[in-house]
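A quick write-up on the structure given underneath.
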Amino acid sequence: MSNPKIIDLGNITGTPFADILLAAIAGADAAKKAAHLPKRPLAQDIATLKAAAERYEAPNPFEPGDLVTPRADSPLKGIGRPRIVLELMERIDADLAVTDPNHVDHPRFGAKLDIRVASVCDCPHGEVTASWEEGWMFEPYTPPAETGEQDPAPASAPAQTEAADLQPAA
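Numbered continuously in full-length UniProt numbering, the sequence shown closes out at residue 170.
Now the structure itself:
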C-alpha cells in the first residue's frame, strides 16, 4: 500500500501555484474582479430585477424546436450561442431542482426547471448535450448578420457604452 503524498504548503510559498491556491481560498480573485467592475445605479438594478420577476411569472413563451440563447443578464454559459428547445415541463417537477437544505448555495436550489434545451459544446468534435434549465433565463436566438461574427450579442445585452457614460453625473 502506498502512502498518500502530503504537500507542505510552507515549501511552495511564493510559487505561482501557491499564489493561485491561496488567492482562490481567500477569494482574492473575486474581490479583484468586483473592484474593477463599474458600479451600476440602484435604479437600473431595480428595473432589472422587476423585469426578471415579470419573465419568471409569465408563461414560458417557447415551443419545442425554437432556437434560444441565454439572456445577457443570466448566469448561464454560452450567452449568444444557439440552443434548441427539446421539451417543456408543463408541471414543474421539484425533483429536478436541488432542494437539499445543505445545498442552499447551489445555483439550482429551488430552481423552476421548465425547459429542456440542447446545445453544442465549444469543442472541436461538436458534442451535443441536453439539460433542464429555467426558461425565464432565455430569449429567442437571433442569428448573426452576414458579418462573419461568431457569437452575436443577445437582445438582452446592454448597449455598448462609452467609458464617460459610466462615470457618475457631476
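Idealized CB from N, CA, C, for every residue including glycine. Nothing here was measured: the structure is a model prediction, and the numbers come from that model.
Query                                                                                                                                             : Result
Assign A155 to one of two classes, buried (16 or more other C-beta atoms within 10 Å of its C-beta) or exposed (fewer than that).                 : exposed
Tell me, to the nearest whole angstrom, how far the beta carbon of V85 is from that of E63; I am working on the premise that it is less than 8 Å. : 7 Å
Going straight from the alpha carbon of G110 to that of P59, what length do you get?                                                              : 18 Å
Could you check which residue in K77, L113, A72 has the C-alpha nearest to that of residue 172?                                                   : Beyond the ends of the chain as shown, which are 1 and 170, falls residue 172; an answer cannot be given.
Whose C-alpha, out of N102, E87, R81, W136, is nearest the C-alpha of P144?                                                                       : R81
Judging by CA-CA distance, which residue of P70, A43, L49, E54 is the nearest neighbour of W132?                                                  : P70
So, helix, strand or coil for I79, using DSSP?                                                                                                    : coil
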